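This report refers to the structure that appears directly beneath it.
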Amino acid sequence: MEMTGAEMILECLAREGVEAIFGLPGGANLPLYDTLPKFYPKIRHYLVRHEQGAAHAADAYARVTGRPGVCFATSGPGATNLVTGIANAWMDSVPLVAITGSVIRPLIGRDGFQEADITGITIPITKHNYLVLDVNEIPRVMREAFYIASTGRPGPVLVDIPRDVQQERGQFYWPEKVELRGYRPRIYPDPAEVEKAARLIYESERPLILAGHGVIISQAYYELKELAEKGNIPVITTLLGISGFPPDHPLYMGMPGMHGMHWNNLAISEADLIIGIGMRFDDRVTGRLKDFAPLAKIVHIEVDPAEVGKNVRPAAALVGDARVCLQQLNRLVQHRERPDWFARLDELKREHPSLVYPEDAAQILPQYVIQKIYEVSGGDAYFVTGVGQHQMWAAQFFWSRKPNSFVTSGGLGTMGFEVPAAIGVQIAKPGELVWAICGDGGFQMTMEELGVVAEYDLPIKFAIINNGHHGMVRQWQSLFYRGNLVASPLKNPDFVKIAEAYGILALRATRREEVVPALERALAHQGPVLIDVHVKQDEDCFPMVPPGASLQETIGLPKEYIELVRRRQMAEVGR
């Protein structure tokens, strides 16, 4: 069947089941856009205002659907604008296919107008990338791109196609099977390692599970719960593992690490066995690496062999798909009672509380806003965050019941992720409630994407935690840089007026008693809503592991917050 290159690209996308594309046209990809109407409404295109927004929206779409997200960009600055979003997907193991236009073949390497070597630029942040110079290679390349992006450890793949190749005609063929020499993702673990892991679990007195993003990617929710219950093992979830385990389960402990639960950090330091599942033992979890879990042996369940032994040395390594590994491990795991360990964990929770604050404070506390968002939503929603203090408070207080419902930027820590990511989630889940928890700094990095929200009438609820600062930067400057608040505070615009300019309902809360009514009004409104909440400017996010410190050196909540817990405990005893 003869087709143009542009038709081949879109036919491949249709065969891969792609329903949504996020992109922005330019000279080098106009043939692709010229062909798009032929595939509507099977494939819908969402016009972003900046290519970074396209990558983040496609990233979030992929996270909640489990299918590769797709984004389009033109050559040069269009392609380079995707780079932050591609890097974000790379760090968080998200399947993404980025398709960029390039200058015509005779101009490649001649510094033609809007030329950039995007394949060279993205080598370190993609699983693979392609420059397609032959129109007849498009079907094979596209098939391989989707296969690579979605198998093994997922990740981004970039396909760069010159404009003249998109216009050229060739013979379309569809390869039913993909064969890539040297690319053999591991699915099944070594049986000897499975047996070793089961033995270590049975012999341990103080085990902990650290469950990461890999549990969600492989949809190993049931298998993780089975391991925890069968082995009687407490479960801690990493930032990207949140919503991978039921938050109301008696074995759930919350998040560890830099702003995780204080009790978890101390528990990790006392554990004799750590079972890491679909996580890479990154610095935000481990603190000072040489002092991480000093008494523990490590069982590492991980699909990417490059991550095994990179940061910690495992006593047993199950390399393969997390769900398959857990299925095999669960057959061998035996139940054990560990009363002393659970008593110790209860003691740590009492002595080192992490989720308390004065709810009746004169100023609005960010924790209060975030907890109320969770409460009024009933936990039955998708929560998308930016990066910074609000992200960490959301991770602390949103113990999400809906599987795979907490979407955030983990490894790269990309400010500005929240607005376009919420767009991707809402398009993927049109009937669901989607909250975007925003920092006032991060929101301004991608707030132009409110145009997408308005154009497609996406009923996202935006809550800006407005403290007039880059909050986490201010906290670090206050604690570790002598209070030298350089480049602070922020001179913010009127966010309500900005939203209204897009035709979006906008509300403002400056007093505590205005917060819940604003949230309830947002929920009652059928369309998008933005709430600008003015919170206490100098509230710090605790617990916190200082930079370069160990988990044992976690800074707990302020003394007055701890005293509040003590008074509550005494009142309970008095009853």
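Numbering (this note's numbering), first residue to last: 4 to 578.
For each residue, glycine too, the CB sits at the ideal point set by N, CA and C.
If you're wondering where the values come from, they're calculated on a predicted model, not measured in any experiment.
Collapsed DSSP secondary structure at residue i in the structure displayed
i	result
residue 537	strand
residue 356	coil
residue 220	helix
residue 388	strand
residue 2	Only positions 4 to 578 of the chain appear in the structure, and residue 2 is not among them; the question remains open.
residue 15	helix
residue 401	coil
residue 245	coil
residue 294	helix
residue 265	helix
residue 48	strand
residue 6	strand
residue 395	helix
residue 570	helix
residue 305	strand
residue 165	strand
residue 544	coil
residue 438	strand
Contacting residues, own chain, Cβ-Cβ under 7 Å from residue i (five flanking each side not counted)
i	result
residue 377	400, 401
Residue range of the unbroken alpha helix (DSSP H) whose run includes residue i
i	result
residue 56	54-68
residue 289	286-289
residue 428	421-431
residue 141	141-153
residue 93	86-94
residue 38	33-38
residue 446	443-449
residue 83	80-83
residue 464	Premise fails: residue 464 lies in the beta strand (DSSP E), 464-469, not in any alpha helix (DSSP H).
residue 498	498-504
Between the CA atoms of residue j and residue i - distance to the nearest angstrom
i	j	result
residue 147	residue 237	40 Å
residue 472	residue 492	5 Å
residue 568	residue 356	8 Å
residue 26	residue 46	13 Å
residue 72	residue 323	23 Å
residue 210	residue 516	44 Å
residue 541	residue 239	29 Å
residue 350	residue 299	20 Å
residue 508	residue 222	36 Å
residue 34	residue 485	56 Å
residue 118	residue 409	37 Å
residue 243	residue 92	12 Å
residue 506	residue 535	16 Å
residue 124	residue 562	49 Å
residue 291	residue 558	14 Å
residue 249	residue 185	38 Å
residue 301	residue 190	20 Å
residue 227	residue 213	10 Å
residue 296	residue 276	8 Å
residue 3	residue 547	It is not possible to answer for residue 3, since the shown part of the chain is limited to 4 through 578.
residue 285	residue 316	13 Å
residue 68	residue 94	18 Å
residue 309	residue 495	43 Å
residue 311	residue 208	24 Å
residue 30	residue 132	21 Å
residue 258	residue 246	11 Å
Same chain, Cβ closer than 6 Å to residue i, neighbours up to 5 away in sequence not counted
i	result
residue 335	201
residue 307	156
residue 464	438, 525, 532
residue 205	337
residue 60	25, 423, 426, 427
residue 74	25, 26, 57, 58, 61, 101
residue 121	82, 103, 163
residue 28	36
residue 328	192, 304, 321
Endpoints, the beta strand (DSSP E) within which residue i is located
i	result
residue 485	Here residue 485 belongs to no beta strand (DSSP E), and DSSP marks it neither H nor E.
residue 186	Premise fails: residue 186 is in no beta strand (DSSP E) and is neither H nor E.
residue 174	172-174
residue 211	210-214
residue 131	131-134
residue 126	Unbroken run through residue 126: none, as it is neither H nor E.
residue 332	Premise fails: residue 332 lies in the alpha helix (DSSP H), 325-333, not in any beta strand (DSSP E).
Residue i at chain C interface by Cβ criterion, 8 Å
i	result
residue 296	Looking for chain C here will not work: only one protein chain is present.
Whole-number beta carbon distance between residue j and residue i, since they are thought to touch under 8 Å
i	j	result
residue 537	residue 504	Actually they are not in contact, since the Cβ atoms of residue 537 and residue 504 sit about 20 Å apart, beyond 8 Å.
residue 168	residue 241	Actually they are not in contact, since the Cβ atoms of residue 168 and residue 241 sit about 42 Å apart, beyond 8 Å.
residue 271	residue 215	Their Cβ separation, rounded to whole angstroms, is 14 Å, which puts residue 271 and residue 215 out of contact at 8 Å.
residue 256	residue 267	5 Å
Other residues of its chain near residue i: CB distance less than 8 Å, five sequence neighbours each side excluded
i	result
residue 361	368, 563, 564, 567
residue 13	35, 38, 39, 41, 42, 46
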